[in-house]
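Presented below is the structure to which this report refers.
There are 2 protein chains.
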Amino acid sequence: MNRNIRITIIEDDETIRNGYAYLIDATEGYDVVSTYVSFDEAAKKIAADHPDVILLDIELPGVNGIDAIPKLKKLLPQCFVLILTVYESEKLIFNALANGASGYLTKNTPSAKIVESIKEVKEGGGPMSINIAKLVIKSFQKNQESPLSKRETQILELIGEGKSRSQIARDLFIDLETVRSHIKNIYIKLDVNSRADAIKMAKQNKLI
Amino acid sequence: MNRNIRITIIEDDETIRNGYAYLIDATEGYDVVSTYVSFDEAAKKIAADHPDVILLDIELPGVNGIDAIPKLKKLLPQCFVLILTVYESEKLIFNALANGASGYLTKNTPSAKIVESIKEVKEGGGPMSINIAKLVIKSFQKNQESPLSKRETQILELIGEGKSRSQIARDLFIDLETVRSHIKNIYIKLDVNSRADAIKMAKQNKLI
DNA sequence: TAATTAATCACCCTTTTAGGGTGATTTTTT
DNA sequence: AAAAAATCACCCTAAAAGGGTGATTAATTA
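See below:
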């Protein structure tokens, strides 16, 4: 039989912390095994709590939530970290995920949804608030009205992979001079004059 | 007052197509305005349907769903495309999103959830099945046990941006020779001997 | 504390690459 | 028919890349 899901909450606001703790602990199948007000507090004892899921706030005193993630994952490699915050900035989201967070919920999420997300993350899912999902999806979407032609985009992608002109020529079965010609046109269209600037421009405008 | 959400379904399997059409159309606030068996079929008439949301299958006869997305967006720039498919391959998901899809659901999604997702996408959300969300989140996560040091990772990132040794040296306020030294160590650790191979390795192993 | 790793810099060397200029030809697409 | 895209050619110079073989000084970890 499945044992209860063990949860630790790291959140500095007492009201929110106790509110979530009460709500989640009251739910069948969920145990809130510990709560902490900061990462520094948590670091000392959390390993002994062996939680399955950590609910982590971002705006914490001392070490912030984002930086806490890799440290927590080091202490508890099997544990899932679920971010629960008011922030919806793209940078924070991507940094949190890059650092090993398994999900990202905003605090306006209904508590039933939070409880559900804890289970999802435990079962290997990746819960996100819909507004977060929107940002994530947007980050994948390329600019549909690129000034570059197909071939130019293709070549710019290869430049983004660090390939030289001659490598690109070999990859595309075209002449080195043709590649040069395309790159020149790319530079004119993007108004740049180096690979680095072209890549920067391309990423800014989501051309690649 | 809000008018009903207009939906078009493009799906080649008759049973599935009619099933979804019936289910969604029966829901208060949702109108299925048209259904098509392929993009080629749809292309002729879909503009006149002016749907708000298109439910799109990937495995279609003729033009596949992925390639159909940009064409549909061109015909109906304001319209949202929601992918509904059995495929869960990373490549397909990312290509679909890159091509302009606003959400990605797998066909095992309960119909109530599909109906809800249509509304979400209409309201600017980004619905995803939880298994899809997991893949998407995983794609953001970096390898926590990189063989590279912090500085090496930092330099590899700049190489990934197409920067030259001297540019990197300027960016980091260190000597050109120090950059060289780091790059040499990166090459040794990754067992490569060119920028392109280093970037490839780094991306494969999610080091950057 | 001793040993290892990380980060810094130096100078040897050759080949490749990048970027600018200025063309042309042939497909495609509009 | 005109415009855009894709192809190739040859001029040029400076910069960059990659390999080798060192050393010194922090940090960090065993």
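Residue numbers (the UniProt record's numbering), protein chains in the order written: chain G, 1 to 208; chain U, 1 to 208. A virtual CB, placed ideally from N, CA and C, is assigned to each residue, including glycine.
Query                                                                                                               : Result
Residue 181 of chain U: first and last residue of the uninterrupted alpha helix (DSSP H) it sits in                 : 176-190
Reduced DSSP secondary structure (H/G/I, E/B, other) of residue 83 of chain U                                       : strand
Where the alpha helix (DSSP H) through residue 49 of chain G begins and ends                                        : 39-49
Chain-ordered chain G contacts of residue 131 of chain U [CB-CB under 9 Å]                                          : 124, 125, 126
Cutoff 8 Å; reference residue 2 of chain G; Cβ partners in own chain excluding five residues on either side         : 29
Counted within 10 angstroms of its Cβ, other Cβ atoms place residue 46 of chain U as buried (16 or more) or exposed : buried
Inter-residue Cα distance where the pair is residue 134 of chain U and residue 43 of chain U                        : 33 Å
One or two residues paired with residue 34 of chain U in a DSSP bridge                                              : U/8
Beta-carbon spacing of residue 116 of chain G, residue 130 of chain U below 7 Å                                     : no
Residue environment, residue 22 of chain G, which counts as buried when at least 16 other CB atoms sit within 10 Å  : exposed
Contact check, residue 49 of chain G vs residue 122 of chain G, beta carbons under 7 Å                              : no
Start-to-end residues for the alpha helix (DSSP H) that takes in residue 63 of chain U                              : Counting along the chain, residue 63 of chain U falls outside any alpha helix (DSSP H), and DSSP gives it neither H nor E.
Simplified DSSP assignment, three categories, for residue 106 of chain U                                            : strand
Near-chain U residues of the segment 63-90 of chain G (beta-carbon distance less than 9 Å), N- to C-terminal order  : 70, 73, 74, 77
Simplified DSSP state of residue 55 of chain G, which is helix, strand or coil                                      : strand
Separation of residue 105 of chain G from residue 62 of chain G, as counted between CA atoms                        : 22 Å
Nearest-angstrom Cα separation, counted from residue 110 of chain U out to residue 150 of chain U                   : 45 Å
Closest by C-alpha distance to residue 93 of chain U, when choosing among G/136, G/103, G/14                        : G/136
DSSP beta-bridge partners of residue 128 of chain U                                                                 : U/104
Contacts of residue 162 of chain U in chain G (Cβ-Cβ under 9 Å)                                                     : 159, 160, 162, 194, 195, 196, 197, 198, 199, 200
Whole-Å CB distance - residue 56 of chain G paired with residue 65 of chain G, under 8 Å assumed                    : 5 Å
Local conformation of residue 77 of chain G per DSSP, three classes                                                 : coil
Proximity below 7 Å, CB of residue 101 of chain G to CB of residue 81 of chain G                                    : yes
DSSP-derived helix/strand/coil call for residue 147 of chain G                                                      : coil
Whole-Å CB distance - residue 155 of chain U paired with residue 179 of chain U, under 8 Å assumed                  : 6 Å
Simplified DSSP assignment, three categories, for residue 71 of chain G                                             : helix
Neighbouring residues, chain G, relative to residue 140 of chain U (Cβ below 7 Å)                                   : 94, 97, 98
Reduced DSSP category for residue 208 of chain G - H, G, I as helix; E, B as strand; rest coil                      : coil
Residue 167 of chain U (DSSP reduced to helix, strand or coil)                                                      : helix
Cutoff 6 Å; reference residue 69 of chain G; Cβ partners in own chain excluding five residues on either side        : 81, 99, 100, 101
Collapsed DSSP secondary structure at residue 194 of chain U in the structure displayed                             : coil
Assigned exposure category for residue 166 of chain U - 16 Cβ within 10 Å defines buried                            : exposed
Proximity below 7 Å, CB of residue 38 of chain G to CB of residue 60 of chain G                                     : yes
Sub-7 Å separation of residue 103 of chain U and residue 126 of chain U beta-carbons                                : yes
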